[in-house]
DNA sequence: CTACAAGTTCGATGGATATCGAACTTATTC
DNA sequence: GAATAAGTTCGATATCCATCGAACTTGTAG
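Protein chains in written order, with the working numbering: chain W, 3 to 107; chain V, 3 to 107.
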């Protein structure tokens with residue numbers, strides 16, 4: 003049975019553990035993930051997820067997180083949002099993301 | 003009460019989560035940590051912990067792991083060994099190391 | 001004491017990547 | 001439709017770091 007791709011929601015699989023760890027090892031990206039985890043529905047507009055860097059740099063980090071399968075891009079009401087794929091990452095590597103997020107800052 | 007430093011065992015504290023994640027995000031180092039976890043007493047001679055790289059490179063990775071507080075160097079019977087500081091890392095960031103180690107390779 | 005083995009340290013090098021600014025895309029608003 | 005706002009893409013740059021080889025240290029064996 004084929005997946006219905008007509009919605010173009012294209013959710014990529016969570017990457018190798020190595021890639022997930024590398025994605026989370028950067029301070030800017032870990033902060034983004036932490037803010038997402040604190041947000042309603044683990045979803046937030048891009049601009050709320052970073053400070054002190056240019057938006058092109060932020061966009062680069064979003065891409066890195068997405069390619070690792072840690073986040074997903076979605077458009078709601080014309081605005082681009084990022085969503086933390088908590089369940090998918092948990093499914094692939096149980097405890098990894100949640101233990102990191104519950105660690106002291 | 004002062005700690006007794008006369009034994010020169012100098013155990014540094016586990017580093018910031020960022021540093022621990024960065025240490026584990028490298029494929030060579032993660033493999034080293036996995037082999038340590040599988041070893042008796044979580045301890046092994048350096049040469050058993052890597053393949054396919056020069057020993058100077060390996061030494062560099064050992065240093066990175068040690069400075070993150072993930073491993074400890076000890077000398078047993080004249081041979082240098084690395085020991086995984088499982089309990090210390092668990093104490094600092096509960097679940098992080100163990101969930102990574104129990105993740106599929 | 002000499003030779004060898006195991007690790008470390010030191011420079012040097014190449015590749016990866018974090019960062020920026022500018023140009024482009026796409027919506028929304030006036 | 002022009003103007004603004006939010007993100008992305010693209011080049012360019014600079015820094016970080018994984019890797020190597022060579023020299024050094026230390027301990028063991030002969």
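C-beta: ideal position from N, C-alpha, C; glycine also. These numbers come from a predicted model, not from an experiment.
Using a Cβ-Cβ cut-off of 9 Å, residue 97 of chain W counts as an interface residue toward chain V, since at least one Cβ of chain V sits closer than that to its own. A Cβ-Cβ contact shorter than 9 Å links residue 99 of chain V with residue 35 of chain V. With a threshold of 9 Å between beta carbons, residue 15 of chain W makes no contact with chain V. Here the segment 37-46 of chain V makes no contact with the segment 83-102 of chain W; the two share fewer than three CB pairs at distances below 8 Å. Here DSSP, grouped into helix, strand and coil, assigns residue 12 of chain W to coil. Within the same chain, and ignoring the five residues on either side of residue 60 of chain V in sequence, the residues whose Cβ sits closer than 6 Å to its Cβ are 52.
Contact holds between the segment 17-31 of chain W and the segment 59-78 of chain W, because three or more Cβ pairs, one in each stretch, are under 8 Å apart.
At least one CB atom of chain W sits nearer than 9 Å to the CB of residue 102 of chain V. CA-to-CA, the gap between residue 69 of chain W and residue 12 of chain W works out to about 12 Å. Under the Cβ distance rule, residue 39 of chain W does not count among the residues neighbouring chain V, no pair being separated by less than 9 Å. Looking at the backbone, the Cα of residue 72 of chain V and that of residue 43 of chain V are separated by about 15 Å. Here residue 79 of chain V carries a coil assignment [DSSP, helix/strand/coil].
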